[in-house]
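2 protein chains.
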Amino acid sequence: MFVKNVIAHQALFAGLTDEQLTGLASVIVDKPYEKGEVIFVEGTPAKGFYIVAQGRVKIFKSAPDGREAVLHVFGPGEPFGEVAVFQGGTFPAHAMTVEKSRLLFLPRDALVARISSDPTLALNMMAALSGRLRQFAGKIESLTLKETPQRLAAYLITASELKDGADSFSLDIAKGLLAGMLGTARETLSRALGRMVEEGMVAVEGRQITILDRTSLEALAAGVETL
Amino acid sequence: MFVKNVIAHQALFAGLTDEQLTGLASVIVDKPYEKGEVIFVEGTPAKGFYIVAQGRVKIFKSAPDGREAVLHVFGPGEPFGEVAVFQGGTFPAHAMTVEKSRLLFLPRDALVARISSDPTLALNMMAALSGRLRQFAGKIESLTLKETPQRLAAYLITASELKDGADSFSLDIAKGLLAGMLGTARETLSRALGRMVEEGMVAVEGRQITILDRTSLEALAAGVETL
DNA sequence: CGAAAATTTGACTATGCTCAAGGCGAGTGG
DNA sequence: CCACTCGCCTTGAGCATAGTCAAATTTTCG
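Line by line, the protein sequences are chains A and B. Taking this note's numbering, the leading residue of the first sequence gets 1, the next gets one more, and so forth. Taking this note's numbering, the leading residue of the second sequence gets 1001, the next gets one more, and so forth.
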């Protein structure tokens, strides 16, 4: 029942009947992962895709020297690895837990079969994929046209909005990981954040961020898409 | 019949019956565009999506100062703007012709209706969206982890492959546009290409490129994803 | 052939990366 | 309960890539 409860509230499966959900739940495998565990490696043939039930997963590309470009960090309820189901058949990037997690695995065939017979699921899936594309487009824009402080400002604004617009909130990922998401080095992120503190825009205590001057922060972020 | 001929050979519509194609063709609008004409602007509500029949279209984001991040350059047969149909309802970026073109417009409702009734079309569409995501992931990786010469080398290798692996081929876009695609400035691209010429890797005459030392070029591009 | 667009080149600057070292904090074993 | 260790973060110094501005040059098209 745990599995069904997790999927029942996801946008991806919105509009499915209780019966359909039960059917899906029956083919899903629920598996625990430790922090830092590799889920899959880029290029591996995919037999299905995953949904985060608990914990957090990063999707990333890596350079030989160990640097990483973080494409996504997914939390509870979010699906990942679907791309491989529909095109190419192999995972397009690496996936690793960043916390102790619990993941659901949905086999490819089961998904394709259901999509073929249920237009709602198909349209949900397309909406999900389209949303990702939009996000990536924003990321490419920001990497190409903006600098680190602007990207950071945009991230902080968005993070605040996700916490209902609170001025003070906690980052839910480590700063090193955030640096990877912003496409920069840990050191550069640290300095950029330091400068914001100096200028009185924000206060920082560990992962706790307090926005002191939202107006300036927004001005800095102007025109930068959500990451 | 022109419209039907164009769509009949696209991956997106593969597997559709002749009858279905005729039906689609009947709701498609065929429209000519001059070079440099705006097709749509980011944020505009989308009433449907487009397919390039002839010519070439760039999809891009732009900064207030005029700099551009080119997300795609689409040629004959390629669809664009679908994201808006499935999610959000507005176009995620700007679109402009870079050559005199002829574009097909497919209204949203017609597409959604057909997808709902035809799983083949739905799966084709998901494959197309997934392919884009893969491409974007590669672009983000290369922007984050690689430098201009490496990105350029990867582009040249790919361009050569698209021309059946010929050592000598013609770029089908202007160099300024290429710079935008590689996420760099015209001047930087020019210098990077100049260095490759100095080092005897390639010869350049206007848009004509000749690969002289494919091995070195590949070594330089190593690990960089296709853009 | 001439105007406009695209490209190249030069000089300068700056953003951000790398390498290196030091600090902080949480969890752990003694 | 405390000292220790490990992981994570910060700070400093130097350097390299690439961006900007400006101007010369080439190419494209009408």
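Even for Gly, the Cβ is constructed at its ideal location relative to N, Cα and C. Every value quoted in this text rests on a predicted model; they were computed, and no experiment measured them.
Item: Can the beta-carbon of T97/A be found closer than 8 Å to that of A46/A?; Value: no
Item: What number of angstroms, rounded off, separates the C-alpha of P32/A from the C-alpha of R102/A?; Value: 4 Å
Item: Sorted by chain position, which residues of the same chain lie with C-beta nearer than 6 Å to D30/A's C-beta, five sequence neighbours on each side aside?; Value: V3, L104
Item: Note down, in chain order, each residue of its chain lying with its Cβ closer than 6 Å to the Cβ of V1083/B, except the 5 sequence neighbours on either side.; Value: P1092
Item: Counting along the chain, where does the alpha helix (DSSP H) carrying R1134/B start and finish?; Value: 1119–1145
Item: DSSP state of T210/A, grouped into three classes?; Value: strand
Item: Of all the options V38/A, F169/A, G48/A, which has the alpha carbon lying nearest to the alpha carbon of L106/A?; Value: G48/A
Item: May I ask you to report which of helix, strand or coil DSSP gives D30/A?; Value: strand
Item: Report the residue from E99/A, Y50/A, A153/A whose alpha carbon sits nearest the alpha carbon of E229/A.; Value: The shown model of chain A, from 1 to 227, leaves out residue 229/A, and the question about it has no answer.
Item: Got a sec: which bits of the segment 72–106 of chain A sit with their beta carbon under 9 Å from any beta carbon on chain B, in order along the chain?; Value: E82, V83, A84, V85, F86, Q87, G88, P92, A93
Item: Just confirm the distance between the C-beta atoms of G140/A and A1221/B, as a whole number of angstroms; I'd bet it's less than 8 Å.; Value: Looking at the sequence shown, residue 140/A is not Gly but Ile. I140/A to A1221/B, Cβ: 19 Å. No contact.
Item: Jot down the residue ranges of each uninterrupted beta strand (DSSP E) in the segment 61–107 of chain A, minimum 3 residues, whole runs only, in chain order.; Value: 68–74, 94–97, 101–107
Item: From P1119/B to L21/A, what does the alpha carbon distance come to, in whole angstroms?; Value: 20 Å
Item: So which residues of chain B does T144/A contact, with C-beta pairs closer than 7 Å?; Value: A1069, L1143, G1183
Item: Using CA atoms only, rank isn't needed, just tell me which of L1016/B, H1009/B, A1008/B, N1005/B is closest to S1117/B.; Value: L1016/B
Item: Beta-carbon of F1002/B versus every beta-carbon of chain A: anything under 8 Å?; Value: no
Item: Compute the distance between the beta-carbons of Q135/A and A1127/B, then report whether it is under 8 Å.; Value: no
Item: In three-state terms, what does DSSP make of V1204/B?; Value: strand
Item: Does any C-beta atom of chain A lie closer than 8 Å to the C-beta of P1045/B?; Value: no
Item: Taking 8 Å as the threshold (beta carbon to beta carbon), is T1226/B in contact with chain A?; Value: Note that T1226/B scores 48 on pLDDT, short of 50, meaning its location in the model is unreliable and no value can be drawn from it.
Item: Output the distance between the C-alpha atoms of L171/A and A1192/B, rounded to the nearest integer angstrom.; Value: 39 Å
Item: Going along chain A in order, which residues have a C-beta closer than 7 Å to the C-beta of L1129/B?; Value: M126, L129, S130, L133
Item: List, from N- to C-terminal side, the alpha helix (DSSP H) runs of 4 residues or more that fit wholly inside the segment 1145–1177 of chain B.; Value: 1148–1162
Item: Please compile the residues from chain A whose C-beta is within a distance smaller than 7 Å of the C-beta of A1159/B.; Value: Within 7 Å Cβ-Cβ: nothing; A1159/B doesn't reach chain A, min ~20 Å.
Item: Since A154/A and S142/A are thought to touch, with beta carbons under 8 Å apart, how far apart are those beta carbons, to the nearest angstrom?; Value: 7 Å
Item: Using a Cβ-Cβ cut-off of 7 Å (strictly less than) and excluding sequence neighbours within five positions of I1157/B, which residues of its own chain qualify?; Value: L1217, E1218, A1221
Item: Can you tell me the Cα-Cα spacing of L1177/B and H1072/B, whole angstroms?; Value: 10 Å
Item: Can you pull the chain B neighbours of I140/A, defined as C-beta to C-beta under 8 Å?; Value: K1061, A1069, L1071, F1136, K1139, I1140, L1143, G1183
Item: By Cβ distance, which residues of its chain are closer than 7 Å to T1210/B, with the 5 residues on each side in sequence left out?; Value: D1167, S1168, V1202, A1203
Item: I'd like to confirm the pairing. Which residues does DSSP put opposite Q1020/B in its beta bridges?; Value: Paired residue(s): none; Q1020/B is not in a bridge.
Item: Once DSSP output is grouped into helix, strand and coil, what is the label at V57/A?; Value: strand
Item: Near A14/A, which residues of its chain fall below 7 Å by C-beta distance, leaving aside the five closest residues on each side in sequence?; Value: N124
Item: For G1183/B, which residues of its own chain have a beta-carbon under 6 Å away from its beta-carbon, when the five flanking residues on both sides are left out?; Value: L1143
Item: Would you please state the rounded distance, in angstroms, between the beta carbons of R114/A and L24/A? I believe it to be under 8 Å.; Value: 7 Å
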